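The opening position of the sequence shown corresponds to residue 3 in this note's numbering, with each subsequent residue numbered one higher.
Input: a single structure, listed below in C-alpha cells.
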Amino acid sequence: MKQLIYSVYFILPVILLWGAKYAGGKKYNEEFLSIRQTKAFQGFLAICIMLHHIGQKTAASWIQPKSRIVHGLDFFVPLGYIFVSVFLFYNGYGVYKSFHTKKDYLKGYIKRRILPVVLALYSTTVIFFIARLLIGEKMDAKQVFFYLTSIKLCNPNTWYVIVLPFFYLAFYLSFKFIKNDHLATLATTAFVVLYMLLGTRINHNDYWIRGEWWYNCVHLFPIGIIFAKYENKIIPHLKKYYWIYLIIALLALYPLYIYQSYMCNVFGYYGDNWGAPDAVFRKRMSLLSQTFVTTDFVFCTILLGMKVKIGNKFLDFMGTITLEFYLIHGLFVELFGWQFDGGVRSPHHIKYVIVYVLVVFALGIPSAILLKKLHSLILHPKKTENKTKEPITKTA
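Written out as C-alpha cells, the structure reads:
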C-alpha cells in the first residue's frame, strides 16, 4: 500500500498529455499562450502544488520526529516556488496583453482583477478560521484579529493571493498615470524588484513576508509583462532557433536546480536565525540563484508549449477552478496530516500517503466548485439572479 504513492509519477504525465497534439515539422502551436492553454496548464500545476503541500507534511526533512517521515512525494517538497513561478508569469503576461488588446481595459480593473483575488483570500481565511476553532485551537483577541485580517495567515497557503493584488495595483497605477509604455513597464518592474529587496531584509516571522517563498519567484510577474511587450519580436526569434533554445534550456534546468541547492546550502535564507552579520547578503545570493532556475523552468514550458498543444476535458475543468483549488485544498492537507498549521493535532491522520492524496483531491474539487460559486454570487449577483429567472424551455 505504501508503494502506491509512486503511481502519481505515472498518472501526472497522463493527465498532462492526454489529448495533446504535437505540431510536427516546422509547424508550431500558435495557441500556446491562449487563455485555454494557459488555464489548462495552471490547472495541472495546481495539482502539482497540492502534491507539494502533501509532500511537506509527509516527506520533508524537517518533520519531527523522523519516524513520521513517509517517502514517496520527496520530489515535490522543494518545488513549490518553481510551480508558482509559472502562475506569476501568466499573471504578468495576461494583464499586459489585455491592456493592449481590450478597449478601456483599466476601467473597472480593480473590481475585475484585484477584488476577486482579495475575496478569495478572505473567504478562505474565514473557512480556515472556523476550522481552527472546531479543532480546538486556543486564541486570544489579538490572535483572532491577526487571523481574520490575514496579518497572520489563517490559511497558510495564501501568500500568493496577498502579494498578487499589490503587483496588479502597481501595474494599474503605472499604466494609468505613466503614458509612456516603456516607463510604465519599468515602473512595474521596479516595484517588484524593490519588493524582492525588501523581502531579503525581513527576518523570518509569523506575519507577512515571513520567508523566502514570499519573494523567490515573483520576478516572473514583470518578466511576463516584458515577454508580452516584445512578443512579436521574441516568438519569431524563438521559432528560428527553436531546437537550439529548447536543448539548451532543458539541459540547463537540472544544473541550475543543483546550483541553487548549492547556493542555498552555502549562503542560505536563515542567517537571521543564528545572528549572521551578513544575513541580507546571504539571502540575496540565494535568491539570485533561484531566479535562474525559475526563469529557465518557465522558458522550458513556453518552448514545449510552442510544439505541444495540451488540452482535455479534465484540464479544461481544472483551469476553471485553479485559484479556488489552490486556496482550499490546503484545508484538507491540514485536517488529515499529523497536525494542523500552528501546532494543534489534526482530527484524523491518514496513514497511507496515496489515500491522503486521494482524499485531499476528492474533497478539494467540490469545495473549490462551491467556493467559485460563492465568489460568483458575491461578485456578480445580477448575473446569478438572471440565470435563476431564465425560462425553462421544454423539449419533446
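Ideal Cβ positions, reconstructed from N, Cα and C, are used throughout, including at glycine.
Source: prediction; values computed, not measured.
Checking the sheet assignment: what are the DSSP bridge partners for Tyr24?
As a working note, residue 24 is residue 22 in the sequence shown. According to DSSP, Tyr24 bridges with Val310.
CA-CA distance, Leu199 and Gly273?
What you label residue 199 is simply residue 197 of the sequence shown in a count that begins at 1. What you label residue 273 is simply residue 271 of the sequence shown in a count that begins at 1. Approximately 16 Å between the Cα atoms of the pair.
Would you please state the rounded distance, in angstroms, between the beta carbons of Ile370 and Ile323? I believe it to be under 8 Å.
In the sequence shown, residue 370 corresponds to position 368, counting from 1. In the sequence shown, residue 323 corresponds to position 321, counting from 1. Per the sequence shown, residue 370 should be read as Ala rather than Ile. Ala370 to Ile323, Cβ: 4 Å. Contact.
Same chain, Cβ closer than 7 Å to Phe193, five either side skipped, listed in chain order:
Within the sequence shown, numbered from 1, the residue matching residue 193 stands at position 191. Ala172.
Since I believe Leu248 is in contact with Thr296 (beta carbons under 8 Å), could you give me their beta-carbon distance rounded to a whole number of angstroms?
Counting from 1 along the sequence shown, the entry for residue 296 is found at position 294. Counting from 1 along the sequence shown, the entry for residue 248 is found at position 246. About 18 Å; that fails the 8 Å criterion.
Which of helix, strand or coil does DSSP assign to Gln66?
Counting from 1 along the sequence shown, the entry for residue 66 is found at position 64. Coil, per DSSP.
Start and end residues, alpha helix (DSSP H) containing Lys375:
As a working note, residue 375 is residue 373 in the sequence shown. Start and end: Val355 to Leu381.
Residue closest to Ser291, alpha-carbon to alpha-carbon, out of Val268, Ile356, His54 and Val128
The residue you call residue 291 lines up with position 289 of the sequence shown. Closest option to Ser291, Cα to Cα, is Val268.
Which of the three DSSP states is assigned to Arg284 in this structure?
Walking along the sequence shown from the start, residue 284 turns up at place 282. Here Arg284 sits in helix by DSSP.
Inspect the CB distances between the stretch 48–68 and the stretch 332–351 and report whether three or more fall short of 8 Å.
yes
For Trp161, is the classification buried or exposed, using 16 other Cβ atoms within 10 angstroms of its Cβ as the cut-off for buried?
Here the question's residue 161 lines up with position 159 in the sequence shown. Buried, because 16 or more other Cβ atoms sit within 10 Å of the Cβ of Trp161.
Rounded Cβ spacing between Gln39 and Tyr92 (contact assumed at less than 8 Å):
As a first step, residue 39 must be located in the sequence shown, where it is residue number 37. As a first step, residue 92 must be located in the sequence shown, where it is residue number 90. Actually they do not touch by this definition, with Cβ atoms about 10 Å apart.
Any chance you could list the alpha helix (DSSP H) runs of at least 4 consecutive residues sitting entirely within the stretch 153–199, in chain order?
161–179
Alpha carbon to alpha carbon, what distance is there between Tyr170 and Thr395?
As a first step, residue 395 must be located in the sequence shown, where it is residue number 393. As a first step, residue 170 must be located in the sequence shown, where it is residue number 168. Legend: pLDDT at Thr395 = 39, less than 50; position of this residue unreliable, value from coordinates given subsequently. The straight-line gap from Cα to Cα measures roughly 42 Å.
Going by DSSP, name the residue or residues bridged to Gln341.
Position 339 of the sequence shown, counted from the first residue, corresponds to residue 341. Bridge partners of Gln341: Arg347.
Within its chain, find whatever has a CB closer than 7 Å to the CB of Leu123; leave out the 5 residues flanking it on each side and keep chain order.
The residue you call residue 123 lines up with position 121 of the sequence shown. For Leu123, where only same-chain residues beyond five positions count, the Cβ hits under 7 Å are Ser152, Thr160, Val163 and Ile164.
Please say whether Lys154 and Tyr217 have beta carbons closer to each other than 8 Å?
Stepping through the sequence shown from its first residue, residue 217 is reached at position 215. Stepping through the sequence shown from its first residue, residue 154 is reached at position 152. Not closer than 8 Å, so no.
Just confirm the distance between the C-beta atoms of Leu309 and Tyr24, as a whole number of angstroms; I'd bet it's less than 8 Å.
Residue mapping note: residue 309 aligns to position 307 of the sequence shown, counting from 1. Residue mapping note: residue 24 aligns to position 22 of the sequence shown, counting from 1. As written in the sequence, residue 309 is Lys, which differs from the Leu given in the question. Right, the Cβ-Cβ distance comes to about 6 Å (below 8 Å), so this counts as a contact.
Are Ala61 and Val79 close, meaning C-beta to C-beta below 8 Å?
Position 59 of the sequence shown holds residue 61. Position 77 of the sequence shown holds residue 79. Yes, they are a contact pair.
Assumed close pair Ile51, Tyr261 - CB separation to whole angstroms, cut-off 8 Å:
Counted from its first residue, the sequence shown places residue 51 at position 49. Counted from its first residue, the sequence shown places residue 261 at position 259. Contact doesn't hold; Cβ gap of about 23 Å is too wide.
As an exercise, report each continuous alpha helix (DSSP H) stretch of at least 4 residues that is fully enclosed by the stretch 72–141, in chain order.
82–103 and 117–136
On the criterion of 16 or more Cβ atoms from any shown chain inside 10 Å, does Glu326 qualify as buried, or is it exposed?
Here residue 326 refers to the residue found at position 324 when the sequence shown is read from its first residue. Glu326 comes out buried.
Hey, how far is the Cα of Pro2 from the Cα of Ser100?
The structure shown does not extend to residue 2, since the chain spans only 3 to 398, so no value can be given for it.
Simplified DSSP assignment, three categories, for Lys29:
Taking the first residue of the sequence shown as position 1, residue 29 is located at position 27. It is coil, neither helix nor strand.
What is the rounded straight-line gap between the Cα of Gly307 and the Cα of Leu136?
Counted from its first residue, the sequence shown places residue 307 at position 305. Counted from its first residue, the sequence shown places residue 136 at position 134. Roughly 45 Å separates the two Cα atoms.
In angstroms, rounded to a whole number, what distance separates the CA positions of Ser63 and Gly74?
Within the sequence shown, residue 63 is the residue found at index 61, counting from 1. Within the sequence shown, residue 74 is the residue found at index 72, counting from 1. For Ser63 and Gly74, the distance between alpha carbons rounds to 13 Å.
Are Ala251 and Cys302 touching if we call contact CB-CB under 8 Å?
Indexing the sequence shown from 1 puts residue 251 at position 249. Indexing the sequence shown from 1 puts residue 302 at position 300. Yes. Within cutoff.
For His377 versus Pro118, is the C-beta spacing smaller than 8 Å?
Counting from 1 along the sequence shown, the entry for residue 377 is found at position 375. Counting from 1 along the sequence shown, the entry for residue 118 is found at position 116. Yes, the pair counts as a contact, with Cβ atoms nearer than the cut-off.
Can you tell me which of the three DSSP states Val146 falls into?
Residue 146 sits at position 144 when you count from the first residue of the sequence shown. The answer is helix: DSSP assigns Val146 an H, G or I state.
Using a Cβ-Cβ cutoff of less than 6 Å, which residues in the same chain neighbour Ala48 once the five nearest sequence positions on both sides are dropped?
Position 46 of the sequence shown, counted from the start, is the residue given in the question as residue 48. Only Thr324, Phe327 and Tyr328 meet the Cβ criterion.
Identify, in the order they occur along the chain, each residue of the same chain with its Cβ nearer than 8 Å to the Cβ of Leu255, setting aside the five sequence neighbours on each side.
The sequence position of residue 255 within the sequence shown is 253, counting from 1. Excluding sequence neighbours, Leu255 sits near Val295, Asp298, Phe299 and Cys302.
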